[in-house]
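Trainee:
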Amino acid sequence: MRPFTYESPSSVLEATNPGHPDSAFIAGGTTIVDLMKLEVMKPPKVVDLNALPMRGIEMSPDGLRIGALEKMSDTAVHPEVAANYPVISEALLKSASAQIRNMASIGGNLLQRTRCGYFRDVNTPCNKREPGSGCPAIGGENRMHAILGTSSSCVATHASDLAVALVALEASVRLQSGASERLLTLDDFYLLPDGTPHQENQLLPGELITEIRVPRLPWATRSTYLKIRDRESYEFSLTSAAVALDVNGDQIRDARVAVGGVGTKPWNLPEVREALTGKPLTLETFVAAAKLAVAGAVPLKHNAFKIDLVQRTIIRALIKLGGLA
Amino acid sequence: MQLPADPPPDHEDGSSRREFIRRLAAISAGLTVAAPLGRAGTVTEKSNLQGEPPKTDGAEGLIEIILKVNGNTERLVVDPRVTLLDALRDRLDLMGTKKGCDRGTCGACTVHLDGRRVLSCLTLAVMAQGKKITTIEGLATGDELHPVQAAFIKCDGFQCGYCTPGQIMSAVACISEGHTGSDSEIREYMSGNLCRCGAYPNIVEAVKMAAAKMKGEVN
Ligand SMILES: Cc1cc2nc3c(=O)[nH]c(=O)nc-3n(C[C@H](O)[C@H](O)[C@H](O)COP(=O)(O)OP(=O)(O)OC[C@H]3O[C@@H](n4cnc5c(N)ncnc54)[C@H](O)[C@@H]3O)c2cc1C
Ligand code: FES
Ligand code: FES
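If you read the protein sequences in the order shown, they are chains A and B.
Numbering that gives the first Met the number 0 puts the first residue of the first sequence at 0, with every later residue one more than the last.
Numbering that gives the first Met the number 0 puts the first residue of the second sequence at 0, with every later residue one more than the last.
(1) Can you list, in chain order, the residues of its chain with a C-beta nearer than 6 angstroms to that of Ala241/A? Leave out the 5 residues immediately preceding and following it.
(2) Any heavy atom of ligand 2 closer than 7 angstroms to the Cβ of Ala270/B?
(3) Is the beta carbon of Leu91/A less than 8 angstroms from the beta carbon of Thr74/A?
(4) I'd like to confirm something about Thr104/B: is its beta-carbon nearer than 7 angstroms to some heavy atom of ligand 1, or not?
(5) Given that a residue counts as buried once 16 or more other Cβ atoms are within 10 Å of its Cβ, and exposed if not, what is Cys247/B?
(6) Would you kindly work out how many angstroms separate the C-alpha atoms of Arg1/A and Leu121/B, rounded to a whole number?
(7) Report the option in Cys173/B, Ser169/B, Ile174/B and Met213/B whose CA atom is closest to the CA atom of Thr96/B.
(8) Comparing the CB of Leu34/A with every heavy atom of ligand 2, is any distance shorter than 7 angstroms?
(9) Between Ser181/B and chain A, is any beta-carbon pair separated by less than 8 angstroms?
(10) Pro79/B CB to nearest chain A CB: under 8 angstroms?
(11) Which residues, in order along the segment 75-104 of chain B, keep a beta-carbon less than 9 angstroms from a beta-carbon of chain A?
(12) Are the segment 132-149 of chain A and the segment 287-303 of chain A touching by the rule of at least three beta carbon pairs closer than 8 angstroms?
(13) How close, in whole Å, do the beta carbons of Val121/A and Thr238/A come, if the pair is a contact with beta carbons under 8 angstroms?
(14) On the CB-based measure, 16 or more other CB atoms within 10 Å of its CB, does Pro217/A come out buried or exposed?
(15) From Pro196/A, Glu180/A and Pro42/A, pick the residue whose C-alpha is nearest to that of Ser152/A; which is it?
(16) Run down chain B in chain order and give the residues with a C-beta less than 9 angstroms from the C-beta of Asp85/A.
(17) Which residues, taken in chain order from the segment 0-26 of chain A, show a beta carbon closer than 7 angstroms to some beta carbon of chain B?
(18) Specify the secondary structure class of Leu48/A as computed by DSSP and reduced to three states.
(19) Expressed to the nearest angstrom, what Euclidean distance is found between the alpha-carbon atoms of Gly141/B and Ala210/B?
(20) Suppose you measure from the CA of Cys194/B to the CA of Thr281/A; what does that come to, to the nearest Å?
(21) In chain B, which residues lie less than 8 angstroms from Thr29/A when you measure between Cβ atoms?
(22) Are Arg215/A and Pro60/A closer than 8 angstroms when you measure CB to CB?
(23) Report yes if the C-beta distance between Leu70/B and Ala107/B is below 8 angstroms; otherwise report no.
(24) Ligand 2 and Asp194/B: does any heavy atom of the ligand fall closer than 7 angstroms to the residue's C-beta?
(25) At a threshold of 7 angstroms, does Leu161/A count as lining ligand 1 (C-beta to nearest heavy atom)?
(26) Could you tell me if Ser190/B is buried or exposed, where buried requires 16 or more neighbouring beta carbons within 10 angstroms of its beta carbon?
(27) Which one of Val206/B, Ala124/B, Tyr161/B and Thr163/B has the shortest CA to CA distance from Ser183/B?
(28) What residues in the segment 38-59 of chain A bring their beta carbon closer than 9 angstroms to a beta carbon of chain B?
(29) Would you mind sorting Ala324/A into buried or exposed? The rule is 16 or more other CB atoms within 10 Å of its CB.
(30) According to a CB-to-CB cut-off of less than 7 angstroms, which residues of the segment 183-207 of chain B neighbour chain A?
(31) Check whether the segment 21-29 of chain A and the segment 42-58 of chain A touch, using three or more Cβ-Cβ pairs below 8 angstroms as the test.
(32) Among Asn83/A, Val213/A and Ala14/A, which one has its Cα closest to the Cα of Arg221/A?
(33) So who's on the other strand from Ile208/A, going by DSSP bridges?
(34) Classify Gln250/A as buried or exposed, calling it buried when 16 or more other Cβ atoms lie within 10 Å of its own Cβ.
(35) For a contact defined as C-beta to C-beta under 7 angstroms, what are the partners of Val125/B on chain A?
(36) How is the beta strand (DSSP E) around Lys226/A delimited, first residue to last?
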């Protein structure tokens, strides 16, 4: 680990004026301490966010607000979250381990870095870590990598489960730097790699995520997160689906669908949602809609299985929610 | 390849236990892709288990911290890079907490902060200030083992024992969180603790036995 200085400011104003362009925030530390040990991240200054007030989980007529410093564990079992948005609770409880969920913050979760082995190994090239150095995953080991949103520069997946649930629910992040604040949908917040995979999102240097806003969606009580992985627990996804379904008799009134493990960012699927809306609640509807998820998929040597797997993941989540099982 | 001997039992002196761990670290360094470890410089330089020379650069960046460990207040001067795991093991001689992966992937380093289980390898020591830190050494009451410790012995919840302190710290939390409703619930909520020896069935039994005892169902 490279040397750094440590500070623990008590106001957002102080924290967002860290005085060093390359300083880094730390919340739970479960991403950044790991990456500093690997020397993937080498901040000269680490700014601890834990004395800041960005906490609280509240439900209002507009929807849900989660302070960025809330822990994954506390958020998952919060009664309002569990009752109104099961997909959020399930995505969190299927993430990492009990210990890591006790440490990790919601804001940090959304900013965790890819688990691509080349990104994590400073002895190999990686365009995300060192722009212009190349992407060995494209012709190398790429079983865990993305099939959607990839470019000739980068094929790494975004690893957050929570983010998949949140883009499905059309959540936004509130950002703050100094006194200026802005609100972005999470879907817009994340960027595709294109030629600049080191720019993963719209966060400016020194800018904070202060809170997450999830719009009110009464029928999200019927929602779920299905995660398929190499082992049953404590593992990142091969594919995952965050799905909410609004059913009226044997008709689908509305839906929300996003997938994980397959995209270079959490992958929202408005086209699948449209293909479900107004259709009969049948397996045929599900199969036809899920096909649209992979319309633009570009498989690599080791991950073509994800094309089928992600469709089946969506279909199985829909079967469960639609009560067809 | 020579495998390490079983860890000496707890009553043996720290130096032989350290020797065991040193040997284990040497062996695992040969097995895994060992990335440079973030051992930071400390004021009183102690032998470095990983063989990396202690860093002395940035000595002006040392900070004084106060940790409350197992009821004791400890004052340390550390580099901000020092993890809670390294502070416990290398500075406070609390060798019960184990370093497995040092990357958050194994659970061997599990300790409690204010009663919640966390990974000490991904916690900066400076950030554990003001919290009540409990390690495996702080679990027993005098000579009386904690019910989870007793249950691990009774159920043979280990083979080599390397993962055991982390398993036990995790199990204590798993029980207090109320996640012992079924075998599968125990397995899910204990999944953050890997066991290379595959003692999982007996670990589940130990958690069940301790949970029952702590609920007062069994004497
Ligand atoms: C072994 C292991 C398994 C895991 N498995 C999963 C899994 O299955 N699913 C999953 O989703 N995740 C998984 N994770 C990732 C884990 O969820 C993240 O590491 C964690 O959520 C990050 O949160 P943190 O608070 O610890 O972030 P930190 O490490 O403190 O910070 C992460 C990054 O975000 C920045 N940051 C943090 N908070 C803010 C803020 N409020 N504003 C601006 N910047 C900020 C930091 O500067 C840093 O760059 C796993 C991690 C490990 C180590
Ligand atoms: S040593 Fe901390 S999780 Fe492995
Ligand atoms: S008892 Fe050997 S690793 Fe678990």
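Note that beta-carbon positions come from the ideal geometry of N, C-alpha and C, so glycine has one too.
Mentor: The structure says:
(1) Contacts found: Val86, Val163, Ala164, Ala167, Tyr224 and Ala257.
(2) Because chain B in this structure spans residues 0 to 218, residue 270/B falls outside the shown range and cannot be described.
(3) Taking 8 angstroms as the Cβ cut-off, Leu91/A and Thr74/A qualify as a contacting pair.
(4) Yes.
(5) Lying before the first or after the last residue shown, residue 247/B is absent from chain B, which here runs from 0 to 218.
(6) C-alpha of Arg1/A to C-alpha of Leu121/B: approximately 15 angstroms in a straight line.
(7) Ranking Cys173/B, Ser169/B, Ile174/B and Met213/B by Cα distance to Thr96/B puts Ser169/B first.
(8) Not a single heavy atom of ligand 2 lies less than 7 angstroms from the C-beta of Leu34/A.
(9) False, the Cβ-Cβ gap to chain A never drops below 8 angstroms.
(10) Yes, Pro79/B lies at the interface with chain A (some Cβ there is under 8 angstroms from its Cβ).
(11) Within the segment 75-104 of chain B, the qualifying residues are Asp78, Pro79, Arg80, Thr82, Asp101, Arg102, Gly103 and Thr104.
(12) Counting Cβ pairs under 8 angstroms, three or more are found: they touch.
(13) Contact between Val121/A and Thr238/A fails: their C-beta atoms lie close to 29 angstroms from each other, not under 8 angstroms.
(14) The residue in question, Pro217/A, is exposed, as its Cβ has fewer than 16 Cβ neighbours within 10 Å.
(15) If we check each option's Cα against that of Ser152/A, Pro196/A comes out closest.
(16) Correcting the residue identity first, residue 85/A is Pro in this sequence and not Asp. The contacting residues do not exist; Pro85/A stays about 17 angstroms from chain B at best.
(17) Sequence-ordered contacts of the segment 0-26 of chain A with chain B read Met0, Pro2, Phe3, Thr4 and Tyr5 [C-beta pairs closer than 7 angstroms].
(18) Of the three classes helix, strand and coil, the one that applies to Leu48/A here is coil, per DSSP.
(19) The alpha-carbon atoms of Gly141/B and Ala210/B are separated by roughly 21 angstroms.
(20) Straight-line Cα distance between these residues: approximately 44 angstroms.
(21) Result: Gly103, Leu118 and Leu121.
(22) Cβ atoms of Arg215/A and Pro60/A: closer than 8 angstroms.
(23) Position check: residue 70/B holds Gly in this sequence, whereas Leu was assumed. No. Outside cutoff.
(24) Checking the displayed sequence, the identity of residue 194/B turns out to be Cys instead of Asp. Cys194/B: no, Cβ never under 7 angstroms from ligand 2.
(25) Indeed, a heavy atom of ligand 1 lies less than 7 angstroms from the Cβ.
(26) With 16 or more other Cβ atoms inside 10 Å of its own Cβ, Ser190/B counts as buried.
(27) Answer by Cα proximity: Val206/B.
(28) Per Cβ criterion, the list reads Glu38, Val45, Asp47 and Asn49.
(29) Counting Cβ neighbours within 10 Å, Ala324/A comes out exposed, since fewer than 16 surround it.
(30) The residues in question are Glu187, Tyr188, Ser190 and Gly191.
(31) Short answer: they touch.
(32) Distance from the Cα of Arg221/A is smallest, within the candidate group Asn83/A, Val213/A and Ala14/A, for Asn83/A.
(33) Per DSSP, Leu174/A.
(34) Exposed: under 16 other Cβ atoms inside 10 Å.
(35) Simply Tyr5.
(36) Note, Lys226/A: beta strand (DSSP E), Ser222 to Ile227.
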